[in-house]
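Engineer: In the numbering used here, the protein residues as written are 8 to 315.
Virtual Cβ for every residue (Gly too), placed ideally from N, Cα, C.
These figures come from a predicted structure and were not determined experimentally.
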Amino acid sequence: MRRRAAVPPAPLPQRRGVDPVRRRLPFDGGWATVRDYLVDRLPVPPALVDAMFAEGAVHGEAGVLPAGAPYLPGAYVWYHRELEPEVPVPFPVTVLHRDERIVVADKPHFLAVTPRGRHVVETALSRLRNELALPELSPAHRLDRLTAGLTLFVARPEYRGAYQALFAERRFRKEYRAVAPFDPELSLPRTVRSHLVKERGELTAREVPGPPNSSSVVELLTHRAGLGGYRLLPETGKTHQLRVHLSALGIPILHDPLYPEVLAEAAPDDFRRPLQLLAHTLEFTDPVTGAPMRFESARRLSAWPSEG
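1. How big is the Cα-Cα spacing for A274 and P99?
2. Would V186 and A17 be called neighbours here (beta carbons separated by less than 7 Å)?
3. Which residues mark the beginning and the end of the alpha helix (DSSP H) in which Y44 is found?
4. If we ignore side chains and look at the alpha-carbon of each, how far apart do W85 and D57 end up?
5. Assuming V25 contacts P122 under a Cβ cut-off of 8 Å, what Cβ separation, rounded to an integer in Å, is found between them?
6. Taking buried to mean at least 16 other C-beta atoms within 10 Å of its own C-beta, is R31 buried or exposed?
7. Alpha carbon to alpha carbon, how far is P264 from G67? Give it in angstroms, no decimals.
8. With distances taken Cα to Cα, identify the nearest neighbour of R180 among R125, V295 and P241.
9. Check whether the stretch 201 to 211 and the stretch 150 to 167 touch, using three or more Cβ-Cβ pairs below 8 Å as the test.
10. Checking 7 Å against the spacing of the C-beta atoms, do L195 and L227 come in under that value?
11. Name the DSSP beta bridge partners of T130, please?
12. Rounded to whole angstroms, what is the Cα-Cα separation between S145 and V215?
13. Given 8 Å as the limit, is there contact between the stretch 73 to 83 and the stretch 126 to 145, that is, 3 or more CB pairs closer than that?
14. What separation, rounded to the nearest whole angstrom, lies between the Cα atoms of S201 and D276?
15. Between the Cα of L139 and those of G124, V161 and R152, spot the shortest distance and give me the residue it belongs to.
16. Taking the alpha carbon of R184 as the reference point, which residue from E192, T243, G244 and G156 has its own alpha carbon closest?
17. Classify R42: buried if its beta carbon has 16 or more other beta carbons within 10 angstroms, exposed otherwise.
18. When you compare the stretch 48 to 57 with the stretch 113 to 130, are there three or more beta-carbon pairs, one atom per stretch, that lie closer than 8 Å?
19. Check the C-beta distance from G233 over to F189 and give it rounded, since I have them as a contact under 8 Å.
20. My output table needs one value for L234: the three-state DSSP class, helix, strand or coil.
21. Please go through the stretch 269 to 295 and give each complete beta strand (DSSP E) segment of 3 or more residues, from N-terminal end onward.
22. Determine the direct distance from the alpha carbon of L253 to that of P267, and round the result to whole angstroms.
23. Check whether the Cβ atoms of E182 and T288 lie closer than 7 Å to each other.
24. Alpha carbon to alpha carbon, how far is F291 from R301? Give it in angstroms, no decimals.
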């Protein structure tokens, strides 16, 4: 069996902490030039593609590509996407720990972890790459944009596999805090198990019949004025798992725009109602040093300022 060829390094530097786009030209393409391919595949006017070539913004492995560069199946091309203006998220990313291998950050609500969709520069990854001068920084796991709290990043490529495996193999303990309605008839603590499905392109996950593939422990810490402060211990890592499970119990997380029903999307600059969900505690054994590691978020949920 032939070994897969290594992907060559990007010939373009990052821009504002964002990597250039990398495309591999399809082997079955019928385009005469790289320009023809990009015009066909990019959702922008041809004039913008021509402007990219005129500015020397499209690169191959050997350097800048001219507009007439021939199409070579299997070759790589790089360019920087045209960045749309983004509404700044007016909250800082706090670094709780940094060493030569990892960065543990305390992320605010509303800030995505990595570039995706319309959130590119306003992400924790882009900010930290710039602020810490760590262009090779990468996430070891993901946290929802609307969820605040602890996120682990890897500082150097040679350590990515070791720390990403922690999360892929679930060799960690993560504890969340949430504010949701208090139901005196609901018996807690309990473990919620269900079969969750989230289809690509859909906003929400769904519980469907089938063997459980998700499990969450839900504990009530305290309650007052009709609200409860909850400790959540996810035993699996399905998308939106905690949000779905609390909604299924009849206690949807406060200010959740998706569960139990999808609400109209808030304006991009509306930061008044953060989802009351916080990745509060992260524990693991360091896969490189073997040392026990434990971190706690310094953030508090605004609907329950003294919640601890």
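Structural biologist: Answer, in terms of the structure:
1. Taking the straight line joining both Cα atoms gives about 20 Å.
2. The Cβ-Cβ distance between V186 and A17 does not fall below 7 Å.
3. Where Y44 is concerned, the enclosing alpha helix (DSSP H) stretches over V41 to R48.
4. If you draw a straight line from the Cα of W85 to the Cα of D57, it is about 15 Å long.
5. Separation of the CB atoms of V25 and P122 is rounded to 6 Å, and the pair is thereby assigned contact status at 8 Å.
6. Counting the other Cβ atoms within 10 Å of the Cβ of R31 gives fewer than 16, which makes it exposed.
7. Inter-residue distance for G67 and P264 is about 43 Å (C-alpha atoms, whole angstroms).
8. Ranking the options by Cα distance to R180, first place goes to P241.
9. Between the stretch 201 to 211 and the stretch 150 to 167 there are fewer than three C-beta pairs closer than 8 Å, too few to call the two in contact.
10. Result yes, Cβ atoms of L195 and L227 sit closer than 7 Å.
11. Per DSSP, the beta bridge partners of T130 are A119.
12. Cα-Cα distance, rounded: 34 Å.
13. As far as the Cβ criterion goes, the stretch 73 to 83 does not touch the stretch 126 to 145, which means the pair count is below three.
14. Cα-Cα distance, rounded: 35 Å.
15. Nearest option by C-alpha distance: V161.
16. The shortest Cα separation from R184 among E192, T243, G244 and G156 belongs to G156.
17. When all chains shown are included, R42 counts as buried.
18. The stretch 48 to 57 is not in contact with the stretch 113 to 130.
19. Contact flag correct, Cβ pair sits at about 6 Å.
20. Of the three classes helix, strand and coil, the one that applies to L234 here is strand, per DSSP.
21. Listed in chain order, the complete beta strand (DSSP E) runs (minimum 3 residues) inside the stretch 269 to 295 are 284 to 292.
22. C-alpha separation (whole angstroms): 9 Å.
23. One thing to note: E182 has its Cβ within 7 Å of the Cβ of T288.
24. Here the alpha carbons of F291 and R301 stand approximately 7 Å from one another.
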